[in-house]
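The numbering used here puts the first residue of the sequence shown at 2, with every later residue one more than the last. Don't be surprised by glycine CBs; every beta carbon is placed ideally from N, CA and C. Report on the following structure.
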Amino acid sequence: KSLRIAETKEINPFNEMNLYRTAGDFYFDQKDNDKAILYAQKGLDLERRISFPSSREIFYEVLMEAYLAKNNSVEGKKYSLLLTKLKDSIKTAEKHSVNKVTNAIKKEKDMEQKSNITNLLLIFSGIVLILALAVWYFWKRDQKIKYAKYEKIISQLNNQEKDAVQDFEEFN
């Protein structure tokens, strides 16, 4: 009944393809291999126009099993090979997809790690700069204190020398 509706009315191609897939499975389970092949072939033709590999996989499987059930090993083997190739290409595509995602995640983590290292280097450089400025400041302050002490000592020595000269002049 659904197939008659699909043939008389225009429906969404994905829904039509699912109808053919369901009909193919149904007729294969009912051991009506000719109808299973007919609907699986119609679904496969539709799938080739809209390109939906997971459905193609099911159609190949129904066609392979139906032909093998009819003792048509040539066609059964043909669809078995097509099914194997399709599964392999789907696995390869999934692997590439996973690799792309993995590489994207790795790249993101590497960028994050690089950013963290850059931040740590900036923080470390800042700390080193602050320490260098602190050491310079305290060295400069220490130099001023020492200079002031030396000036005081020199001044005292000059005063003592003047006093000694005056005492000597007074004594003479």
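Is it the case that the Cβ atoms of residue 20 and residue 61 are separated by a distance below 8 Å?
-> Numbered from 1 along the sequence shown, position 19 holds the residue referred to as residue 20. Numbered from 1 along the sequence shown, position 60 holds the residue referred to as residue 61. Contact: no.
Kindly indicate which residue of 142, 52 and 35 has the alpha-carbon position closest to the one of residue 65.
-> Within the sequence shown, residue 65 is the residue found at index 64, counting from 1. Checking every option, the nearest Cα to that of residue 65 belongs to 35.
Would you identify the three-state DSSP class for residue 62, choosing helix, strand or coil?
-> Here residue 62 corresponds to residue number 61 of the sequence shown, with the count starting at 1. Three-state result, residue 62: helix.
Residue 18: buried (16+ other C-beta within 10 angstroms of its C-beta) or exposed?
-> Taking the sequence shown and counting its residues from 1, one reaches residue 18 at position 17. Counting Cβ neighbours within 10 Å, residue 18 comes out buried, since at least 16 surround it.
Contacting residues, own chain, Cβ-Cβ under 7 Å from residue 127 (five flanking each side not counted) | For this step, residue 127 is matched to residue 126 along the sequence shown. Shown here for residue 127: not one same chain residue has a beta carbon closer than 7 Å to its own, the five before and five after excluded.
By how many angstroms is the C-alpha of residue 84 removed from the C-alpha of residue 71?
-> By 1-based counting over the sequence shown, the position of residue 71 is 70. By 1-based counting over the sequence shown, the position of residue 84 is 83. Straight-line Cα distance between these residues: approximately 18 Å.
Just checking my contact of residue 15 with residue 51 at CB under 8 Å: how many whole Å lie between their CB atoms?
-> By one-based count along the sequence shown, residue 15 stands at place 14. By one-based count along the sequence shown, residue 51 stands at place 50. For a cut-off of 8 Å, the C-beta gap from residue 15 to residue 51 is around 7 Å, short enough to register as a contact.
Chain-order list of residues whose beta-carbon lies under 8 Å from that of residue 121 (same chain, five-residue window excluded) | Here the question's residue 121 lines up with position 120 in the sequence shown. Scanning its chain for C-beta atoms nearer than 8 Å, with the 5 sequence neighbours on each side dropped, one finds no residue around residue 121.
Leaving out five residues before and five after residue 102 in sequence, what residues of the same chain have Cβ atoms less than 7 Å from its Cβ?
-> Translated into positions along the sequence shown, residue 102 becomes position 101. No residues qualify anywhere along the chain.
Nearest-angstrom Cα distance between residue 74 and residue 112?
-> Numbered from its first residue, the sequence shown carries residue 74 at position 73. Numbered from its first residue, the sequence shown carries residue 112 at position 111. Near 55 Å, if we compare the C-alpha coordinates of residue 112 and residue 74.
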